[in-house]
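Participant:
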Amino acid sequence: KPEKTLHSKLRSFTLMNTKLRATIDHAEKSGNGSLSSSAILALVDTVYYKGQWDQDLDKENTEEGDSWLNKDVSKSMQMMEQSKTLHFTFLKDVQAKIPEIPYKASMILLIQA
């Protein structure tokens, strides 16, 4: 059973990485050709985060939007967004930027610089 669970988690992780890559590829084609590390952080957060934000999103502001399944196929779904200015610090010893992200669990994401 643990082996089956690990296989499921790896398959799920691969699927999420594929969706993230497709989203980044689509965003780069739609924009100026490249995304900043901040934009990629937002995309990673969108794809992977399943916890709770420190401030709840306003359900009244839900809008229809496209979720890219791969570089050519999208699916329309309900989406919400939140814009904030984040504080960053840079740790030279591990070559990482650390943003302060307002989650209820007070988690911190590390991003390789």
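Heads up, the sequence shown is in UniProt numbering, so the first residue is 1 and it goes up one at a time.
Ideal placement from N, C-alpha and C gives every residue a C-beta, glycine not left out.
Note that the structure is a prediction, hence the values are computed from the model and not measured.
Could you tell me the distance, in whole angstroms, from the CA atom of LEU91 to the CA atom of THR62?
Facilitator: 37 angstroms
Participant: Could you work out which residue in GLN78, ASP93, GLN95, THR89 is closest to LEU57 when comparing CA atoms only?
Facilitator: If we check each option's Cα against that of LEU57, GLN78 comes out closest.
Participant: When the Cα atoms are used, what is the spatial distance from LEU67 to SER74?
Facilitator: Checking the sequence, you will find Ser at residue 67 rather than Leu. Cα to Cα, the separation comes out at about 5 angstroms.
Participant: Can you grab the Cα-Cα spacing for the pair ASP72 / GLU64, in whole Å?
Facilitator: 19 angstroms
Participant: With distances taken Cα to Cα, identify the nearest neighbour of LYS59 among GLN95, ALA96, GLU81.
Facilitator: GLU81
Participant: Do ASN70 and the ligand SAM come close, with the Cβ less than 6 angstroms from some heavy atom?
Facilitator: For the structure depicted, the ligand SAM is absent and the ligand set is empty, with no information on it obtainable.
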